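Have a look at the structure below, then the notes.
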Ligand SMILES: CC(C)(COP(=O)(O)OP(=O)(O)OC[C@H]1O[C@@H](n2cnc3c(N)ncnc32)[C@H](O)[C@@H]1OP(=O)(O)O)[C@@H](O)C(=O)NCCC(=O)NCCS
């Protein structure tokens with residue numbers, strides 16, 4: 511498997527994968543997803559095996575302890591020392607083969623080299639144990655209801 515940057519032609523595949531894995535969450539528009547990529551292109555990438563898209567990851571620079579609102583483009587002037595991991599999705603046919611953890615290893619490397627202090631995310635769809643295995647810990651803070659039932663804010667500190 512190889513990690514590759516996102517290019518314009520990748521977006522239709524990303525939208526298909528998003529629809530495949532998020533059955534209980536409203537999908538986000540391509541405009542909202544691309545907005546993260548425009549802000550932090552090095553922190554948005556895909557994983558492929560041959561022609562097949564196995565997974566995608568979208569993360570972006572952020573300046574607030576609270577997560578950004580879903581379904582909206584990022585407000586101007588909100589770049590900062592936090593890397594917010596907006597979405598990691600692995601296709602059903604690639605599930606459980608180490609794709610998710612490989613993409614997190616890559617993200618942590620890029621984030622550290624880019625000088626981010628921490629990575630934050632909102633765990634949904636019962637994924638908390640996966641995130642804990644990737645070194646993330648829960649943060650005692652409410653998240654917006656639009657993230658859905660059982661959503662949990664988590665962080666991984668890179669340096670103090
Ligand atoms: C969660 C997700 C990204 C995991 O990707 P993956 O490629 O299947 O994960 P990996 O194969 O790298 O698994 C790494 C470890 O986490 C465990 N794991 C994976 N998904 C898990 C889950 N949902 N709950 C608990 N443990 C999980 C694996 O068993 C493995 O454990 P091990 O190291 O002890 O063997 C993937 O299942 C997915 O895309 N789910 C749908 C979208 C989603 O919910 N994304 C997260 C939104 S916050």
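Numbering (our numbering), first residue to last: 511 to 670.
By construction, the Cβ of each residue, glycine as well, lies at the ideal position given by its N, Cα and C atoms.
Owing to the predicted nature of the structure, the values given are computational and were not obtained by experimental measurement.
- The beta carbon of residue 578 sits closer than 7 angstroms to those of 572, 584, 594, all from its chain and outside the five residues before and after it, given in chain order.
- Cβ neighbours of residue 665 within its own chain (closer than 6 angstroms, five residues either side excluded): 628, 630, 649.
- DSSP places residue 635 in the coil class of the three-state scheme, outside both helix and strand.
- As summarised for the segment 578 to 620, there are no continuous alpha helix (DSSP H) elements at least 4 residues long confined to that stretch.
- Using a Cβ distance threshold of 8 angstroms, residue 661 and residue 624 do not count as a contacting pair.
- Placement of the Cβ of residue 598 at a distance of less than 7 angstroms from at least one heavy atom of ligand 1 is found.
- Look at the beta carbons and you see the segment 604 to 620 touching the segment 639 to 653: at least three pairs across the two are nearer than 8 angstroms.
- Apart from sequence neighbours up to five positions away, the residues of its chain that approach residue 527 with a beta-carbon distance below 8 angstroms are 563, 565, 566, 599, 601, ordered along the chain.
- Using a cutoff of 7 angstroms, the CB of residue 608 counts as near ligand 1, since one of the ligand's heavy atoms is closer than that.
- Secondary-structure assignment with DSSP links residue 667 through a beta bridge to 628.
- Under DSSP, residue 648 takes part in a beta bridge, and its partners are 664.
- In summary, residue 590 is exposed, with fewer than 16 beta-carbon neighbours lying within 10 Å of its beta-carbon over all protein chains present.
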